[in-house]
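Structure first, then comments.
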Amino acid sequence: MPLPNLTILRTYAQKANPASLPASILFSHTERSLTIHDAYPKALFHFLTLPRIQDPFSASDLVDLRSLLQCDKARAKDLLVGLRDDVAAVVKEIEEEMVNRYGFKWDVWTGFHGAPSMVHLHIHIISSDLCSPTLKTKKHLNSFHPKHGFFLPFTEVLSWFDAEDSYFTTMAALKKSQYEPILKEDLTCWRCEGTFKNMPALKTHLQEEFDKLTSREKAKAERKRKLEQKSDLDSAAGEIHKKSKTSVSEDGAS
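Per full-length UniProt numbering, the sequence shown starts with residue 1, numbered consecutively.
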């Protein structure tokens, strides 16, 4: 597998017309941002939302979350709030596709990596199944594990702006020395917290967990269908009975 171009996201964000990107890369775009397919998805659904490089921010302001948070606090918050709306729209589309493809929807996580490897600020939008051929290493798993702390939920980052100044300053520092050791933590399932010796064992477990979820949701949908069908039949029977009583009453009156 070729090594990723670590600055390719910046190239995309600099495009005056994101629509010129091929459909294999571009998912959607707005005046503020563009959302692309992750080139090495770590789940069934995995996208990146990037702020476009435009005033009042320069490329150096948007290298990553840390560089953005060193900018004027109010402007940084405004940018993230705008991106939040764009991300929410993508999540909605993902959920619709989940229902179309699988018959139900499950959790979609949105957030940042505490110590990203790619140049240019980006928000991961990733489904919680974590089932993908390109989820291969402990680093991959731990970078998205929702309980380890390397993955910073979007809502959590936004909450920093409303906290005490000292807390904001501490969190905004985003020191690599604080986050990079997390990538070496033990392999655990985020659902059951079970520990696994290697990635193949964990990947098998994650697939089994998703298969169980799929089976439960299909069974739930089938129960709902049968209840609705029974309700429709009961309503139809009631309507027939009502008409029958009306007919008998009219016959008696005549």
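We put the beta carbon where it would ideally sit given N, CA and C, even for glycine.
Given a length threshold of 4 residues, each whole run of the alpha helix (DSSP H) inside the segment 132 to 175 is given here in chain order: 138 to 144, 154 to 160, 165 to 172. Proximity to Q207 across K224, E217, C189 peaks at C189, based on C-alpha coordinates.
Secondary structure at L6: coil, using DSSP grouped into helix, strand and coil.
In the three-state DSSP reduction, P51 falls in the strand class (E or B). Between K139 and L183, the gap from beta carbon to beta carbon is short of 9 Å. Between the segment 93 to 111 and the segment 5 to 12 there are fewer than three inter-stretch CB-CB distances shorter than 8 Å, so the stretches are not counted as touching. In this structure, the straight-line span from the alpha carbon of A172 to that of L48 is close to 21 Å. Excluding sequence positions up to five before and after R84, its CB lies within less than 8 Å of the CB of F154, L158, all in the same chain and listed in chain order.
Here H124 carries a strand assignment [DSSP, helix/strand/coil].
Only exposed fits I25, as fewer than 16 other CB atoms lie within 10 angstroms of its CB.
Counting only runs of 3 or more residues that sit fully inside the segment 49 to 129, the beta strand (DSSP E) segments are 108 to 113, 123 to 127, in chain order. Rounded to whole angstroms, the separation of the alpha carbons of H29 and A16 is 11 Å. In this structure V87 is buried. Its beta-carbon is surrounded by 16 or more other beta-carbon atoms within 10 angstroms. No residue range can be given for S24, since it is assigned to no beta strand (DSSP E) and is classified by DSSP as neither H nor E. Here DSSP, grouped into helix, strand and coil, assigns L44 to coil.
When C-alpha distances from K203 are compared across P56, G82, T137, P18, the shortest belongs to T137. Its chain contains Y12, L26, H29, L34, R52 as the residues whose beta carbon lies nearer than 8 Å to that of P18, once the 5 sequence neighbours on both sides are disregarded; these appear in chain order. Going by beta carbons, L44 and S117 fall outside the 9 Å limit. Restricting attention to P41, S231, R66, P22, the CA atom closest to the CA of L121 is found in R66. Counting C-beta atoms within 10 angstroms of its own C-beta, I240 has fewer than 16 neighbours from the protein chains shown and is therefore classed as exposed. H46 is a Cβ neighbour of S132, given a cutoff of 9 Å.
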